[in-house]
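In what follows, a single structure is set out as structure tokens and then discussed.
In our numbering, the protein residues as written are 752 to 830.
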């Protein structure tokens, strides 16, 4: 089991946390999941959580798809 709480916590808890997050927290979660998916050998669980996070972003920004996340990501300092 992964030590990353974004991946190891039960899906229901993850979804509840997504709903309660600020936009910055939500976008930071998406960024962390994307980075984790690049490093993972078995990315199935991570990709499922990325899809849940995308759904929450789209719920908050109807019709904008992931544009708010991409805009946020462009404003972040390069790490």
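Every residue gets a Cβ at the ideal spot worked out from N, C-alpha and C, and that includes glycine.
Please tell me whether residue 783 and residue 757 are closer than 8 Å, where the distance is taken between their beta carbons. The Cβ-Cβ distance between residue 783 and residue 757 falls below 8 Å.
Under 8 Å, do residue 776 and residue 807 count as touching if we go by C-beta distance? In this structure, residue 776 keeps its C-beta atom at 8 Å or more from the C-beta atom of residue 807.
What is the rounded straight-line gap between the Cα of residue 819 and the Cα of residue 780? Approximately 14 Å between the Cα atoms of the pair.
Straight-line CA distance for residue 809 to residue 803? Going from the Cα of residue 809 to the Cα of residue 803 covers about 10 Å.
What are the boundary residues of the alpha helix (DSSP H) that includes residue 756? It spans 756–759 - the alpha helix (DSSP H) in which residue 756 sits, taken as one unbroken run.
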